[in-house]
């Protein structure tokens, strides 16, 4: 196994490699001479006309040329779009911040339209002093800021039985990564005073589904946040405006949106979302329960089926994302030949615990087919497994917690396809 | 000077203090009992109705209840909104990321509406090989991700002659802080091959103003980026879509938007934006030039004139932002009594070089008037000066580079006003 050292971006860092050993390596293609390009010789309209002034867009939107950068849902996945999923266009993004407008959505009764003036947060159950907070009350508690990924437990869930969905957005797009501002849940629980037999917390949503989960007190007192802002501004409606629970590193369904109540109890509630849903059916017919932590995972976002290589041979930038519910990602390995050779990817951007990381691998494509894979290592030493390694332990009946290595096949034309190799 | 140690958010961290020593200290107010609040006993409509499904908003927008969170311009500041400024609503934000929709705008000919397919970047002048890149060409170069603040040199410029504008948005809102993805400018210059006498780079914009500045080669080769993404998605139109120069820590007018050309020369060009504009007229009638770096600065965003205290006595959260063009902000001091006592603020969120930092100070308000100030220290040891200290050196004729300490006066009702004290 060969390995390239991670280093700052450098134009000398392009790996000359491809599937065919000794194949012709194209060197150019990344810059072209000025002569004859009408886009250079013609004066463009935007160089001659005044654009909109500073009073026209109090809240800005993306360029009309970017309308393809959008969330997408898959109609046949669910019976109704009000209890369904759409996907973050991860193949169109870069860096580690997901812009609020395209963070994936998962609702059980549609996106609740809450009036913050009429919203309340209650703490009850095994507490010394049951409390109800208005939004204004909550603004008087200390806040913290953290960048965390939020991943649906069902992300990549269709892939247990082989390559199903053709696009990184659909296989891995139930994730977003934003800076949350919120009140440590610990402070609110301390305010109410948790009784000594209070061992679990049940967050409840104010939407029509009344979403609930059981959160162990250790986690509640550790790093959970009652968040009210994402990427600087108020939570978006579809992300739980005005309040959502943030449960760092744990599956997204516990991050209860439109948060209206926190009940303290002495045992878990065994509600629907932790019994018939969000449990993992094993090969022997038994189900794993309370599989909260999201294991280390990565995916190559470019090239990928929705983002083929269109430039032909030569310099090629491969990029992707990696994350772990247990800490940081110090290293990602990449192969372009289906695992014959692995190379250490270059990481760029802040490395924050329980946050998305961005990796890159630059190489000279010789135009022969490629088999692309990435493999994340997290700060605990855990290494992302293959899908087959997962299936040996978990069988093929699962929906949730598929963090297996993803493979994209790139043909001679640069087109990409979701495949499996063993 | 008393000082509180910086520490994680804690409910015990509330400082019991106010202007009047020994004044009555209110303790409660941050939580209220359930009884009698109709918002608790009534079932709200969003708990009974299905919300919009996942197919309704391919690109999401903020809640209608957040329509007050918007950029604002000041009509009398400039002759025409196409060569003008609007301001980031910093008093409505938290954390350190500015959402793309409210990043302040500064145009010289309106926001150019560029078609990326017809956009080109040229490198010419003192180079071995003049080059022209399409957007697709550029996507084949290595990229990096960094969170940087971008501040207009004129931010707080109206305050040289005393308190003028009543709101943090207007006094300090010509700043944004986002994660940029871009190609190190160094790599593109190396691709063209800079001749030995190439000492300056002139970026030129593709808007109708043809914005230009002179950037010294040392900075160009250090940390400048040719950026194409902000907070994960494509640059917004008003931020230079599809390409902008990022000049970390330096004044915003050098961050040329709609970047179309980079000319390499042996001396600065002395164009309009570095002679009649963006120079600092001193008291003796001479002008400082090439004042690129943004000095360390901070401002309290809440409470502030647009965000008064409405909750009365008791627990109060004060928050603000700090930044430096020279590195990180290890410390911010806060006073609530006009400088009699200074307290070390609590920092929360990633501390990144040339990025915004977020600080908090929690105290119990006794209901008496307050004089709020913040004072940033940067990683070089530089301490933010008072406005009077600045005026002693710079006079009152300047427009740019006012990083003086800002004062807000809070009256008994909690209303805030822009004031100066000496």
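Residue numbers (my numbering), protein chains in the order written: chain A, 1 to 422; chain B, 1 to 422.
Positions of the beta carbon are idealized from the N, C-alpha and C atoms, including for glycine.
What you are looking at is a predicted structure, and each value in this text was computed from that prediction instead of being measured.
Where residue 308/B and residue 408/B are concerned, what is the direct C-alpha to C-alpha distance, given to the nearest angstrom?
Whole-angstrom Cα-Cα distance: 10 Å.
Could you check what DSSP says for residue 69/A in three-state terms: helix, strand or coil?
coil
According to the neighbour-count rule (16 or more other Cβ atoms, all chains shown, within 10 Å of its Cβ), is residue 30/A buried or exposed?
Here residue 30/A scores only 45 on pLDDT, less than 50, and its place in the model should not be relied on; the value that follows carries that caveat. Buried is the call here.
Spatial neighbours of residue 21/A within its chain, please: C-beta separation below 7 Å, excluding the five flanking residues on both sides.
Bear in mind that a pLDDT of 29 at residue 21/A, under 50, signals an unreliable position, so the number given afterwards is only what the model happens to contain. Once the five neighbours on either side are set aside, residue 21/A has no close Cβ partner at all.
In this structure, what does DSSP give as the bridge partners for residue 323/B?
297/B
So is residue 140/B buried or exposed if we call it buried at 16+ other beta carbons inside 10 Å?
Counting Cβ neighbours within 10 Å, residue 140/B comes out buried, since at least 16 surround it.
What whole-angstrom Cβ distance do residue 110/B and residue 60/A have, given they're in contact under 8 Å?
Not confirmed; about 14 Å, so no contact.
Please report whether the beta-carbon of residue 79/A lies at a distance below 7 Å from any beta-carbon of chain B.
no
Does the beta carbon of residue 148/A come closer than 7 Å to any beta carbon on chain B?
So no, residue 148/A is outside the interface.
Does the contact criterion of 3 or more C-beta pairs under 8 Å hold for the region 303–321 of chain B versus the region 350–365 of chain B?
yes
Does the beta-carbon distance from residue 334/A to residue 163/A come in below 7 Å?
no
Identify, in the order they occur along the chain, each residue of the same chain with its Cβ nearer than 8 Å to the Cβ of residue 383/B, setting aside the five sequence neighbours on each side.
296, 375, 376, 377
Check whether the Cβ of residue 118/A lies closer than 7 Å to any Cβ atom in chain B.
At a cut-off of 7 Å between beta carbons, residue 118/A contacts chain B.
Please list the partners that residue 185/B has in chain A, where partner means a Cβ-to-Cβ separation under 8 Å.
By Cβ distance, chain A contributes nothing, its closest Cβ being about 11 Å from residue 185/B, past 8 Å.
List the residues that DSSP assigns as beta-bridge partners of residue 145/B.
Residue pairing by DSSP puts residue 145/B in a beta bridge opposite 181/B.
Does the CB of residue 218/A have a neighbour CB from chain B at under 7 Å?
Look at residue 218/A: its C-beta is not under 7 Å from any C-beta on chain B.
Touch check for the region 70–89 of chain A and the region 207–227 of chain B: three-plus C-beta pairs under 8 Å?
no
The region 230–241 of chain B: positions lying closer than 7 Å to chain A by Cβ:
231, 232, 233, 234, 236, 237, 238, 241
Identify the contact partners of residue 275/A in chain B, using a Cβ-Cβ distance below 9 Å as the criterion.
By Cβ distance, chain B contributes nothing, its closest Cβ being about 23 Å from residue 275/A, past 9 Å.
Output, in sequence order along the chain, the residues in the region 93–108 of chain A whose CB is closer than 8 Å to any CB in chain B.
93, 94, 95, 96, 97, 98, 99, 100, 101, 102, 103, 105, 106, 107
Excluding the 5 residues preceding and the 5 following residue 271/B in the sequence, name in chain order all residues of the same chain whose CB lies nearer than 6 Å to its CB.
212
Can you find the residues in the same chain that come closer than 8 Å, C-beta to C-beta, to residue 237/B, ignoring five residues on each side of it along the sequence?
111, 112, 113, 114
Under 7 Å between the Cβ atoms of residue 100/A and residue 230/A?
yes
How about residue 144/B: is its C-beta nearer than 7 Å to some C-beta of chain A?
yes
Compute the distance between the beta-carbons of residue 393/A and residue 373/A, then report whether it is under 7 Å.
no
Hey, out of 283/A, 358/A, 347/A, 346/A, whose CA is closest to residue 391/A's CA?
283/A
Beta carbon proximity, residue 55/B to chain A, threshold 7 Å
yes
Beta-carbon proximity check, residue 292/B vs residue 263/B, cutoff 7 Å
no
Residues of chain B with CB closer than 9 Å to the CB of residue 408/A, please, in chain order.
Correct list: empty, because the minimum Cβ distance to chain B is about 17 Å.
In chain A, what lies closer than 9 Å to residue 206/B by C-beta?
44, 46, 47
May I ask you to list the residues that DSSP assigns as paired with residue 317/B?
362/B
My guess is that residue 357/B and residue 321/B are in contact by the Cβ rule of under 8 Å, so how many angstroms apart are they, rounded?
7 Å
Whole-Å CB distance - residue 154/A paired with residue 400/A, under 8 Å assumed
6 Å
Whole-Å CB distance - residue 145/A paired with residue 421/B, under 8 Å assumed:
About 31 Å; that fails the 8 Å criterion.
Does residue 349/B come within less than 7 Å of chain A when only Cβ atoms are used?
Put simply, the CB of residue 349/B is near chain A, with a gap under 7 Å to one of its CB atoms.
Mark residue 381/B as exposed unless 16 or more other C-beta atoms lie within 10 angstroms of its C-beta, in which case mark it buried.
exposed
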